[in-house]
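Student: Residue numbers (the working numbering): 771 to 1089.
Note that beta-carbon positions come from the ideal geometry of N, C-alpha and C, so glycine has one too.
If you're wondering where the values come from, they're calculated on a predicted model, not measured in any experiment.
#1: Which word fits residue 845, buried or exposed, when buried means at least 16 other C-beta atoms lie within 10 angstroms of its C-beta?
#2: Below 6 Å CB to CB, which residues in the same chain sit around residue 994 once its five sequence neighbours on both sides are set aside?
#3: Name the two residues that bound the continuous beta strand (DSSP E) containing residue 1003.
#4: What is the C-beta distance between residue 883 and residue 786, in whole angstroms, given that I count them as a contact (C-beta under 8 Å)?
#5: Sort out for me which residues DSSP pairs residue 1052 with in a bridge.
#6: Can you name the start and end residues of the beta strand (DSSP E) that residue 996 belongs to?
#7: Give the secondary structure of residue 821 by DSSP, where H, G and I count as helix, E and B as strand, and everything else as coil.
#8: Tell me the DSSP secondary structure of residue 899 in three-state form.
#9: Between the Cα of residue 1029 and those of 797, 806, 1060, 871, spot the shortest distance and give me the residue it belongs to.
#10: Around the C-beta of residue 879, are 16 or more other C-beta atoms found within 10 angstroms, so that it is buried, or is it exposed?
#11: Here's the rule: buried if 16 or more other CB atoms are within 10 angstroms of the residue's CB, otherwise exposed. What is residue 1007?
#12: Are the beta-carbon atoms of residue 962 and residue 887 separated by less than 8 Å?
#13: So residue 1107 packs on residue 1010, CB below 8 Å; how close in whole Å?
#14: If you count every other CB in all the chains shown that lies within 10 Å of the CB of residue 766, and 16 or more means buried, which is it?
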């Protein structure tokens, strides 16, 4: 049985795909796991310059930390931009011109997605409050051109001298009330867009990499890739079992599990992720009867973790 989206989600999928395709993205729907509630990636968007892995929900309350962590980890390892698209937060409609933080990821509605694709979202909601981001360079330039001291500007804005000093040191987020005062004194050019579609640059957390690995073979692959200087993340909520990055090489790995009746379907769906990420496809398979079908999908098929590691990182000692 193939998964079919509920009608409202189906409409939301179509709107998201339409917004992306208008900007030149190639869009693919991920249909594994077949239960939408158990899936960390619902839609893939790929262009010549940017790849986006997207989770789509009607309400942000339906995204749990486990799915978000996996979306973030897979996006980091496979050089993609993680994003959540939703209509509501706890039943309240999302604003078209704001981004919302959820489990360390940015979330937007369809209108917000269109704005994010234009890099024109300037407001973010975090922990129940709205913020805007100061462009520290432009703030320093404004003060220099007008011959204002830190104290002068602090008095105009209604903050302390130390606060203005901190604003000029880094691109800080300020409350909406402070942002309004800055707008009145300086103008909107003082703010930077919220980097909704900037890729996660931090390494995947160790706990995320190793959590819930299903087999000894999977744990061995993850540990050995990490030991040799690469990154790997285990996945339970997408078609792939392990995402790997080593130097400039990326790979999606599927592993045959005991009683794995849907590995053929998983293999087909994982191809979509590999294509979007420009990653190699590797299958760790013990039953020879599966080899032909997976090779037809473009997989390098191996029988042992050692063979797989050699494909990804080379022989021991090599980089």
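Tutor: Taking the definition as stated:
#1: On the chain shown, position 75 is the one that residue 845 refers to. With 16 or more Cβ atoms within 10 Å of its Cβ, residue 845 is classed as buried.
#2: Counting from 1 along the chain shown, the entry for residue 994 is found at position 224. Only 1079 meet the Cβ criterion.
#3: What you label residue 1003 is simply residue 233 of the chain shown in a count that begins at 1. From DSSP, the beta strand (DSSP E) with residue 1003 extends over 1001-1004.
#4: By 1-based counting over the chain shown, the position of residue 883 is 113. By 1-based counting over the chain shown, the position of residue 786 is 16. Yes, they are in contact, since the Cβ atoms of residue 883 and residue 786 sit about 6 Å apart, within 8 Å.
#5: Start at 1 with the first residue of the chain shown, and residue 1052 comes out as number 282. Residue 1052 is bridged to 1023, 1070.
#6: Position 226 of the chain shown holds residue 996. Element bounds for residue 996: not the beta strand (DSSP E) but the alpha helix (DSSP H), 986-997.
#7: Here residue 821 refers to the residue found at position 51 when the chain shown is read from its first residue. Collapsing the DSSP output to three states places residue 821 in a strand.
#8: Here residue 899 refers to the residue found at position 129 when the chain shown is read from its first residue. Residue 899 falls in the strand class under three-state DSSP.
#9: Counted from its first residue, the chain shown places residue 1029 at position 259. Minimum Cα distance to residue 1029 is reached at 1060.
#10: For the purposes of this step, residue 879 is taken as residue 109 along the chain shown, with counting starting at 1. Residue 879 comes out buried.
#11: As a working note, residue 1007 is residue 237 in the chain shown. So residue 1007 ends up on the buried side.
#12: Locating residue 962 in the chain shown gives position 192, counting from the first residue. Locating residue 887 in the chain shown gives position 117, counting from the first residue. No. Outside cutoff.
#13: Shown here, the chain extends from 771 to 1089; a query on residue 1107 therefore has no answer.
#14: The first residue shown for the chain is 771 and the last is 1089, placing residue 766 beyond what the model contains.
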